[in-house]
Structure formats: C-alpha cells, structure tokens
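Going by numbering that gives the first Met the number 0, the sequence shown opens with residue 0, and the numbers climb by one from there. One structure is given below, encoded as structure tokens.
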Amino acid sequence: MEKKIKPMTGAEAAAEAMKQIDPDVVAVYPITPQTPIVETFAQFVADGEVKTELIRVESEHSAMSAVVGASTAGARAMTASSSAGLALMWEILGIASGHRLPIVMHIANRALSGPINIHCDHSDSMGCRDHGWIQIYSENAQEVYENTFLAVRLAEKVLLPVMIMQDGFITSHAVQKVKLYPELNKFAGEYKPEYYLLNIKKPFTAGPLELTDYYFESKYQQAQAILKAKEEYLKIGKELEKITGNKYDLFEEYKLKDAERVIVTSNSTAGATKDVVDLLRKNGEKVGLLKIKLFRPFPYEEIAKALEGRKIAVLDRSESFGAYPPLYGEIRSALFNKNKTFIQSYVFGLGGREIFNKDIEAVFNDLKSEKQEFVKYIGVRT
0 MEKKIKPMTG AEAAAEAMKQ IDPDVVAVYP ITPQTPIVET FAQFVADGEV
50 KTELIRVESE HSAMSAVVGA STAGARAMTA SSSAGLALMW EILGIASGHR
100 LPIVMHIANR ALSGPINIHC DHSDSMGCRD HGWIQIYSEN AQEVYENTFL
150 AVRLAEKVLL PVMIMQDGFI TSHAVQKVKL YPELNKFAGE YKPEYYLLNI
200 KKPFTAGPLE LTDYYFESKY QQAQAILKAK EEYLKIGKEL EKITGNKYDL
250 FEEYKLKDAE RVIVTSNSTA GATKDVVDLL RKNGEKVGLL KIKLFRPFPY
300 EEIAKALEGR KIAVLDRSES FGAYPPLYGE IRSALFNKNK TFIQSYVFGL
350 GGREIFNKDI EAVFNDLKSE KQEFVKYIGV RT
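Structural data, given as structure tokens:
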C-alpha cells in the first residue's frame, strides 16, 4: 500500500489524521499537553488544507457543548483535551454518549489537580471511564494516527463517542517515525447520519426530558450499544489491517504464549515493558506483556483466557481512592473465577513520575514471591 514516512510527535500524528479525515466541525480550547494537537490542526485550517469549521471557544465545557450541537445537527465533529479540561467537560460527556453522538476526542493524558501537575498519568481518562465513551489507548504516535481512523468509523457505526488516549509529553511531544497512508482518507469515508436536526424529511426530538417511564430503556440501549462496539472494533480493524498491515486486536499479547509472569499495562509504558521482556527473555526468564488497547468496552472474557494460570502484575498509572486502581479492578474482575491465578496491583507514574526499566524488572522479580498486598507502589517515597 502507498505510504510515506515522516518524523512527528504524537500530537502531530493526531492532527495529521484529523487533516486526512477533514471533519465538518472541530471545537477547541488549548490545554497543556494537548495544545499541539489543536495548534497543528488550526494551522491546517489557516493554510486551507482542510474545509473544517474551526470553532475557538472560551473553555473546554464550551468545546464539548459545541461538538455536541454540531454532531446533533449532522456534522462529523471532533475535539481534543486533557486533565482539568477534560474534567470541565464532564457534565457534557454524558450528554454526548447519552444522545448517541459519534464524536471523536483526542486525550493527551495528564494528572488531575491538586496539587497542580502538568505531567502524565491517567487520572483524567480513567476518571471518566463510566461516562459511556468508548476508550482506546495508544502506545506510540503510530497508534495515535491509526486509531483515529478506527475511532471515526467505530463511533459512526455504533453511534457512541470515542476517546483516543496518548501519554502527555511522553508521546504527545516525543518525535517518532510515523507511516502515513493517503488511502485512509477513503477508509474514513463520508459521514451520512440517518437522523439529524437539519434533516427535515426525518424529524426527531433531540435531548428530551425522560423520567421514570423511558430513562431506564434509553440507558439500556446505550449499554447494549457499547457492548456491540467490541465486535465492530474487530471488524473495522480487519479492514484497516488491509491498508496498514498492522493488527487491531482488543489487546496486544507480547511474548505471552509461554510466559509464567506477565505485566498488564497500557500506553507508552507498554513500550518500555517490551524492552524489559526482551532483556529478561535473553536470560531465560519466561515473562511477557499484555497491553491494553480497548479499555471501554472491556474485553473480560478474552483477557481472562489470555492470562489464566499466570502470575500477573497490573501497572496502573492512576489511583481509585478507597478502591482498587481502575485497570487492576477490571483485570481482577475478569479473573474472578480463575482460582489458580495470582494477581497483584501496582500503582506507578502519578504526576509524571518516571518509571525505569529497573522498576519494571523489579515487578517481574516481585511476582516470584507471590506476596500479596492490597496495592504496591512503584517509585514512591514513604
């Protein structure tokens, strides 16, 4: 397939994919470390490289409100955010998913305040994991680019909004080699909704009041739709694979086949973990990685099958205060009936705290002991 290779950051990769898709409306408000996404795309608009209507708003709450309005009117709409900006959107996130609007949003993961911190953790996207949005996590700039096209098709197929995550600064500002595929313009296609406010031939009511008589049914339909997204993700991924040659599984299994000890994690940390797995494998240790890609809907059965009978460390880059960390909680739930499975929770990297290869290696070594604690912390000063 035709392709060209360019050096670009994760943020630029997101903007490049948006340029190829050429959405009808993009509403934006900058926030570190998401700013380069909208900055780069705004330049494309200024240079006439896209036909997108760019709406510069006064806050992230307004940005999400604007794309909700645009999508309801029948437009293909996109935005981007991070940290406190995403938190400011939270009231409208549920409206986007509850109204079944196929909005796509890029997230450059950043810690939530307070104390204020501009560096990477996943507290922002994990904090809204139950808002009804599909969530896709990206290891590197290449995945950010390709996941954008997958997300647009998926959102418009199941009529639900999608978030695409990349690690703030670590991915969003790091220059990597990215393969660009011109034919993905055609893959994204044109958005042709059946029902939208400007279609007077099929009038409908948007955003009605639903009380005890209908609200439950609306939420049931929404829940069924997001479960269907798992199947559609795989179908669309097969189409995308024909263009890029890459796999779009629910999760990535890296040297997992004979692994006795496994780390489960997501985003850029998965890349570092692969390096450690390769190193330990050279020393004869049977270790592996399961990298989360699709987090919502969560692939419980598939993950339980992949991890059964192994010693497992789950690395969360976010806390869930008073409960198990988010990813660990999901993995533990998936393995609930697998009685021979040892699983331990680890929290790391909050507020951008570095995790080093020696830390990942220490986790693999710690699994040998099978010493269970509620949560173990990597690199924290006590």
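No residue lacks a Cβ here, since even glycine has one placed at the ideal position from N, Cα and C. Given the structure is predicted, the values throughout are model-derived calculations rather than measurements.
Contiguous beta strand (DSSP E) assignments of at least 3 residues, all confined to the segment 123 to 170: 133 to 136 and 161 to 166
Where the alpha helix (DSSP H) containing ILE94 begins and where it ends: 89 to 97
Rounded straight-line distance, which links the Cα of THR381 to that of LYS237: 47 Å
Three or more C-beta pairs below 8 Å linking the segment 181 to 188 and the segment 49 to 62: no
Cβ-based neighbour list, LYS5, same chain, cut-off 7 Å, excluding 5 preceding and 5 following: VAL177 and LEU179
VAL174, buried or exposed, once every other Cβ within 10 Å from all chains shown has been counted against 16: exposed
Whole-angstrom distance between ALA65 and ALA26, CA atom to CA atom: 6 Å
Cβ-based neighbour list, PRO29, same chain, cut-off 6 Å, excluding 5 preceding and 5 following: VAL37
LYS339 classed as buried or exposed, judged by whether at least 16 other C-beta atoms fall within 10 angstroms: exposed
Cα-Cα separation, VAL374 to VAL143: 30 Å
Three-way DSSP call (helix, strand, coil) for HIS105 in this model: strand
Every unbroken alpha helix (DSSP H) inside the segment 317 to 366 [4 residues or more]: 325 to 333 and 356 to 366
TYR247 (DSSP reduced to helix, strand or coil): coil
Extent of the continuous beta strand (DSSP E) to which ALA258 belongs: Here ALA258 belongs to no beta strand (DSSP E), and DSSP marks it neither H nor E.
Distance CB(VAL261)-CB(ILE311) smaller than 8 Å: yes
Cutoff 6 Å; reference ALA12; Cβ partners in own chain excluding five residues on either side: ALA140, VAL143, TYR144 and VAL177
Sufficient close CB pairs (3 or more, under 8 Å) joining the segment 289 to 308 to the segment 246 to 262: yes
Closest by C-alpha distance to VAL346, when choosing among ALA258, ARG152, SER122 and GLU57: SER122
Buried versus exposed, by CB contacts within 10 Å (16 or more), ALA14: buried
Segment contact flag, the segment 119 to 138 with the segment 146 to 155, C-beta cutoff 8 Å, min 3 pairs: yes
Alpha-carbon spacing of ASP432 relative to ASN356, whole angstroms: One cannot answer for residue 432 here, as it falls past the ends of the chain, which runs 0 to 381.
Own chain, CB closer than 6 Å to GLY308, minus 5 neighbours either side, in chain order: LYS339
Neighbour-count burial assignment, LYS304, 16 or more Cβ in a 10 Å radius: exposed
Where the alpha helix (DSSP H) through ASP277 begins and ends: 267 to 281
Cβ contact (3+ pairs, closer than 8 Å) linking the segment 81 to 98 and the segment 57 to 64: yes
Candidates GLN371, ASP315 and ILE342, of which the one nearest ILE354 by Cα: ASP315
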